[in-house]
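**Q**
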Amino acid sequence: MTTHGSHCTLMFRADTEVVDEFTDNVRYLWSPNSLEAHEKRPDHFLRDFVALNKPCLFQNDEIASVSLDELVSAHGDCDLVVDVSPDGHADIVRQCHDGIRRFVKPASQHMSLAELRERLRLQETKRKESYEQILSKSFPLQPRTMEAKTNDFETVCYYSRQNDCLRKELPAVAPLFPSSLSWASETFGTELQAINLWIGNQRSVSSMHKDHFENLLHVVQGRKIVTLCPPADIPFLYEKPFASGQFCHQGGQWFVEKEEDSVYWIAADVSHEINYTDYPLLKRANPIVVHVPAGHTLYVPALWFHKVTQDRETVAVNYWYDMRFDSPLWTCFRLLQQCEATETENVSESQQELDRD
Ligand SMILES: O=C(O)CCC(=O)C(=O)O
Numbered sequence: 013m014t015t016h017g018s019h020c021t022l023m024f025r026a027d028t029e030v031v032d033e034f035t036d037n038v039r040y041l042w043s044p045n046s047l048e049a050h051e052k053r054p055d056h057f058l059r060d061f062v063a064l065n066k067p068c069l070f071q072n073d074e075i076a077s078v079s080l081d082e083l084v085s086a087h088g089d090c091d092l093v094v095d096v097s098p099d100g101h102a103d104i105v106r107q108c109h110d111g112i113r114r115f116v117k118p119a120s121q122h123m124s125l126a127e128l129r130e131r132l133r134l135q136e137t138k139r140k141e142s143y144e145q146i147l148s149k150s151f152p153l154q155p156r157t158m159e160a161k162t163n164d165f166e167t168v169c170y171y172s173r174q175n176d177c178l179r180k181e182l183p184a185v186a187p188l189f190p191s192s193l194s195w196a197s198e199t200f201g202t203e204l205q206a207i208n209l210w211i212g213n214q215r216s217v218s219s220m221h222k223d224h225f226e227n228l229l230h231v232v233q234g235r236k237i238v239t240l241c242p243p244a245d246i247p248f249l250y251e252k253p254f255a256s257g258q259f260c261h262q263g264g265q266w267f268v269e270k271e272e273d274s275v276y277w278i279a280a281d282v283s284h285e286i287n288y289t290d291y292p293l294l295k296r297a298n299p300i301v302v303h304v305p306a307g308h309t310l311y312v313p314a315l316w317f318h319k320v321t322q323d324r325e326t327v328a329v330n331y332w333y334d335m336r337f338d339s340p341l342w343t344c345f346r347l348l349q350q351c352e353a354t355e356t357e358n359v360s361e362s363q364q365e366l367d368r369d
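Converting from the sequence shown to our numbering requires adding 12 to each position, the first position being numbered 1.
1) Could you compute how far the alpha carbon of ALA306 sits from the alpha carbon of LEU69?
2) In whole angstroms, what separates the C-alpha of THR202 from that of LEU92?
3) Using the Cβ count rule (16 or more neighbours within 10 Å means buried), how would you classify HIS101?
4) Any heavy atom of ligand 3 within a distance shorter than 8 Å of the CB on ASN227?
5) Does the distance from the CB of ALA255 to the CB of ILE112 come in under 9 Å?
6) For LEU147, count neighbouring Cβ atoms within 10 angstroms of its own Cβ and tell me buried if that reaches 16, exposed if not.
7) From which residue to which residue does the beta strand (DSSP E) around ILE207 run?
8) Under a Cβ-count criterion, where at least 16 other Cβ atoms within 10 Å of its own Cβ denotes burial, should LYS295 be classed as buried or exposed?
9) Do GLN214 and ARG324 count as a contact pair if the criterion is CB distance below 9 Å?
10) Output the boundary residues of the beta strand (DSSP E) element that contains PRO253.
11) For VAL168, does the count of other Cβ atoms within 10 angstroms reach 16, so buried, or fall short, so exposed?
12) Between ASP281 and LEU240, what straight-line distance do the alpha-carbon atoms span, to the nearest angstrom?
13) Taking only heavy atoms of ligand 1 into account, decide whether any of them is closer than 8 Å to the Cβ of HIS308.
14) Contact defined as beta carbons within less than 8 Å: I believe PHE200 pairs with GLU226. What is the distance between those atoms, to the nearest angstrom?
15) Once DSSP output is grouped into helix, strand and coil, what is the label at ALA160?
16) Let me make sure I understand the geometry here. Which of ALA119, SER192, LYS140 has the alpha-carbon closest to that of TYR171?
17) Going by the beta-carbon positions, is the gap between SER216 and GLN322 smaller than 9 Å?
18) The alpha helix (DSSP H) spanning CYS90 covers which residue range?
19) Quick check on ALA102: does DSSP put it in helix, strand or coil?
20) Curious, which full-length beta strand (DSSP E) runs of at least 3 residues does the segment 263–348 contain?
21) What do you reckon, is the C-beta of LYS117 under 8 Å from a heavy atom of ligand 1?
22) Would you check whether ligand 1 has a heavy atom nearer than 8 Å to the C-beta of TRP332?
23) My output table needs one value for PHE165: the three-state DSSP class, helix, strand or coil.
24) For GLN154, which residues in the same chain have their Cβ closer than 7 Å to its Cβ, ignoring the five residues on either side in sequence?
25) Classify SER219: buried if its beta carbon has 16 or more other beta carbons within 10 angstroms, exposed otherwise.
26) Checking contacts by CB at 9 Å: is VAL116 closer than that to chain C?
27) Tell me which residue opens and which closes the beta strand (DSSP E) that PHE115 is part of.
28) Suppose the cutoff is 8 Å on Cβ atoms and the five residues either side in sequence are ignored; what does the same chain contact list for PHE34 look like?
29) Could you say which of GLY88, GLN107, ASP223 lies nearest to PHE337 if we only look at CA atoms?
30) Determine the burial state of LEU347: buried for a count of at least 16 other Cβ atoms within 10 Å of its Cβ, exposed for fewer.
31) Report the three-state DSSP secondary structure of LYS66 (helix, strand or coil).
32) In chain order, what residues of the same chain have a beta carbon less than 6 Å from the beta carbon of VAL78, not counting five sequence neighbours either side?
33) Closer than 8 Å: is that where the CB of ASP95 sits relative to any heavy atom of ligand 1?
34) Give the C-beta separation of HIS122 and VAL238 to the nearest angstrom, bearing in mind that I take them to be a contact with Cβ-Cβ under 8 Å.
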């Protein structure tokens, strides 16, 4: 259909009752209170989870348990490109000295698997700042010329490449893991796009984001703590464009190098004490916290928001299958993503009437 010369605007005003009904539907019908297990029967997985875009957690013996020590014994000299940052928080919105909040990516550094293990264990022994302290820091945009004090400078490592790194960077390690999960490919009906290995510890954090993939995130050693929000929470999570940058270090000092592009990201956090003053809409979001122990797989359906931390040394592998875009989920999500929601506290009914007129 061509719409030459025409101009279409879709506008609707959803009053509190309508939004309440929407959030109730999401809260009580779509988003689970706790995660159901499933027996890895492809037909059940498809019917109860993939088709309904609902997460689940299950024990998975198809993926062998391998510890970081075993990986290092067998492949300690493998060369890795490791994400590094001042405090383990990269790919997250950070304050910069020019007063602008930027989405800042990690720096990267080559090191062997053995060196990564050594540095992870060293960083475990260092003082861990609180989340609030970390996010209240501001970063210079240029390297400082003055001599840096050595205790100013810390580098926190997280092997968190998302470029199919198991197959691309670690071909010697890859055979330890299944090349595909047969029942999963069958139910998703799409290509396996990437297998990523994740090696970190309690200092490593992946901030809230979504992926356009069906994701099977399996913990091989340790434990992940995943905060999930359903795609329908999008109007309430304050996703918006941020200028972007990348962490760099020089002369013992961290700074942020500005980049031209901007990135849609979520700065609001639903996994700590929630800041309802700045982010009142967050009370309509539906976060669930899932602990994923070793030997378990979490199914993170396409477009589910997830924030990931770990409370100990943790090794994980994830399988990303293409999501289906020919679906009601994608179509409706794109529309919801454009909605602008506002929440005003304590507005009297007469004022609401006035606003309406
Ligand atoms: O484990 C993490 O830190 C992040 C995992 C993740 O974002 C993913 O599996 O898509």
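We treat Cβ as the ideally placed atom computed from N, Cα and C, and that holds for glycine.
**A** On the basis of the data shown:
1) The residue labelled residue 306 in the question sits at position 294 within the sequence shown. The residue labelled residue 69 in the question sits at position 57 within the sequence shown. Rounded to the nearest angstrom, the gap between the Cα atoms of ALA306 and LEU69 is 12 Å.
2) One-based indexing of the sequence shown puts residue 202 at position 190. One-based indexing of the sequence shown puts residue 92 at position 80. Our two residues, THR202 and LEU92, have alpha carbons roughly 29 Å apart in a direct line.
3) Numbered from 1 along the sequence shown, position 89 holds the residue referred to as residue 101. By the neighbour-count criterion, in which 16 or more other beta carbons inside 10 Å mark a residue as buried, HIS101 falls on the buried side.
4) Inclusion of ligand 3 in the displayed structure is not the case, the ligand content consisting of ligand 1 alone.
5) Within the sequence shown, the letter at position 243 stands for residue 255. Within the sequence shown, the letter at position 100 stands for residue 112. Cβ distance < 9 Å, so ALA255 and ILE112 count as in contact.
6) As a position in the sequence shown, residue 147 is number 135, starting the count at 1. Flag for LEU147 reads buried.
7) As a first step, residue 207 is located in the sequence shown; it is residue number 195 there, counting from the start. Its beta strand (DSSP E) spans residues 204–212.
8) Counting from 1 along the sequence shown, the entry for residue 295 is found at position 283. Counting Cβ neighbours within 10 Å, LYS295 comes out exposed, since fewer than 16 surround it.
9) Here residue 324 is taken as the residue at index 312 of the sequence shown, counted from 1. Here residue 214 is taken as the residue at index 202 of the sequence shown, counted from 1. GLN214 is positioned such that its CB atom lies closer than 9 Å to that of ARG324.
10) What you label residue 253 is simply residue 241 of the sequence shown in a count that begins at 1. 251–262 is the span of the beta strand (DSSP E), which, as asked, contains PRO253.
11) By 1-based counting over the sequence shown, the position of residue 168 is 156. So VAL168 counts as buried.
12) One-based indexing of the sequence shown puts residue 281 at position 269. One-based indexing of the sequence shown puts residue 240 at position 228. Whole-angstrom Cα-Cα distance: 12 Å.
13) Locating residue 308 in the sequence shown gives position 296, counting from the first residue. Checking every heavy atom of ligand 1 against the Cβ of HIS308, none is found closer than 8 Å.
14) Working through the sequence shown from its first residue, we reach residue 200 at position 188. Working through the sequence shown from its first residue, we reach residue 226 at position 214. So it is a contact: roughly 5 Å between Cβ atoms.
15) To locate residue 160, count along the sequence shown from 1; it is residue 148. Bear in mind that a pLDDT of 48 at ALA160, under 50, signals an unreliable position, so the number given afterwards is only what the model happens to contain. Three-state DSSP puts ALA160 in coil, outside helix and strand.
16) In the sequence shown, counting from the first residue as 1, residue 171 sits at position 159. Residue ALA119 is the option with its Cα nearest to TYR171.
17) Counting from 1 along the sequence shown, the entry for residue 216 is found at position 204. Counting from 1 along the sequence shown, the entry for residue 322 is found at position 310. A distance below 9 Å separates the beta carbons of SER216 and GLN322.
18) The sequence position of residue 90 within the sequence shown is 78, counting from 1. No alpha helix (DSSP H) holds CYS90; DSSP gives it neither H nor E.
19) As a working mapping, residue 102 is identified with position 90 in the sequence shown. Three-state DSSP puts ALA102 in a strand.
20) The qualifying runs are 265–278, 300–305, 308–312, 317–322, 326–334.
21) Sequence index remark: in the sequence shown, residue 117 carries index 105 (1-based). Checking every heavy atom of ligand 1 against the Cβ of LYS117, none is found closer than 8 Å.
22) Position 320 of the sequence shown holds residue 332. Proximity of the beta carbon of TRP332 to ligand 1 is indicated: a heavy atom of the ligand is located closer than 8 Å.
23) Locating residue 165 in the sequence shown gives position 153, counting from the first residue. The three-state reading of DSSP puts PHE165 in coil, since its state is none of H, G, I, E or B.
24) Residue mapping note: residue 154 aligns to position 142 of the sequence shown, counting from 1. If we look at GLN154 and ignore the five residues flanking it on each side, its Cβ neighbours are PHE267.
25) As a position in the sequence shown, residue 219 is number 207, starting the count at 1. Under this definition SER219 is a buried residue.
26) The question asks about chain C, but that chain is absent: this structure has only one protein chain.
27) Counting from one through the sequence shown, the residue named residue 115 turns up at place 103. Where PHE115 is concerned, the enclosing beta strand (DSSP E) stretches over 113–117.
28) On the sequence shown, position 22 is the one that residue 34 refers to. ALA26, ALA244, listed in sequence order.
29) Taking the first residue of the sequence shown as position 1, residue 337 is located at position 325. Nearest of GLY88, GLN107, ASP223 to PHE337, Cα basis: ASP223.
30) In the sequence shown, residue 347 corresponds to position 335, counting from 1. Note on LEU347: under 16 other CB atoms within 10 angstroms of its CB, so exposed under the neighbour-count rule.
31) For this step, residue 66 is matched to residue 54 along the sequence shown. In the structure shown, LYS66 sits in coil (DSSP, three-state: anything other than H, G, I, E or B).
32) By 1-based counting over the sequence shown, the position of residue 78 is 66. Within the same chain, VAL78 has close Cβ partners LEU188, VAL232.
33) Against the sequence shown, residue 95 aligns to sequence position 83. A distance criterion of 8 Å places the beta-carbon of ASP95 beyond contact range of ligand 1, judged by its closest non-hydrogen atom.
34) Position 110 of the sequence shown holds residue 122. Position 226 of the sequence shown holds residue 238. Between HIS122 and VAL238, the beta carbon gap of about 29 Å keeps them out of contact (Cβ cut-off 8 Å).
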